[in-house]
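First the structure, in the form of structure tokens, and then the observations on it.
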Amino acid sequence: MQRVQTEERMAVKVKQRLIQYLLSRKEEEGFTLVELIVVIIIMAILSQIGMVSFNRYIRRTRAFAAETVLRNIKKECETNRDLGMDPTFTTLTPSGYSIQPDNSNSCSGGSGSELVTAIPDNQGEYPSYFYNFADGTIGCNYSSTSDNLFPECTN
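The sequence shown begins at 1245 in the working numbering and counts up one residue at a time.
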């Protein structure tokens, strides 16, 4: 009988130790709700920073593409002038911009302005670029005061 009681005590102690082990092990596994919320908040902040940086990159890239198109137009117009050919250019339209004069492709620009311009579709976010065939200059104009992304074009 003592032996049976001793075995029962040992079984109870083993069960207690097993339960304690499982409970202590369960506390070590997984994350608490607070830890998950903190991680989600940190990820949200980092993704917001990434989106802002990506947006700035896209804006600068599109503006650079428009400026490059006008530089190519300038080279083509000056080459045609030097070779005695018609002062026209090949139209290349960068994403987010329109080139004016639209249909004439004349290096001397549209009627009255004498400028070939790259006008952005969204004028509040991108600078406008212009090429003056008469004096061979390329300039830009950016009227937004909300950022300093294009300081070379600010009035």
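Built from N, CA and C at the ideal position, the CB exists for glycine as well.
Contact check, Thr1361 vs Tyr1370, beta carbons under 8 Å: Their beta carbons are not under 8 Å apart, which means Thr1361 does not touch Tyr1370 by this criterion.
DSSP state of Gln1367 mapped onto helix, strand, coil: Residue state, collapsed to three classes: coil.
Coil, strand or helix - Leu1314 by DSSP: DSSP places Leu1314 in helix when its eight states are reduced to three.
Of the listed residues Ala1307, Ile1317, Leu1393 and Glu1396, nearest to Pro1331 (C-alpha basis): Nearest option by C-alpha distance: Ile1317.
Residue from Ile1289, Arg1304 and Gly1328 with nearest C-alpha to Cys1403: Because the chain in this structure spans residues 1245 to 1399, residue 1403 falls outside the shown range and cannot be described.
8 Å Cβ cutoff met for Ser1342 and Asp1365: Result yes, Cβ atoms of Ser1342 and Asp1365 sit closer than 8 Å.
Three-state class that DSSP yields for Ser1388 in the structure shown: When secondary structure is reduced to three states using DSSP, Ser1388 falls in the coil class, being assigned neither helix nor strand.
Within 8 Å, strictly: CB atoms of Gly1340 and Arg1306: Result yes, Cβ atoms of Gly1340 and Arg1306 sit closer than 8 Å.
Euclidean distance between Cα positions of Gly1328 and Phe1394: Those two C-alpha atoms are separated by around 37 Å.
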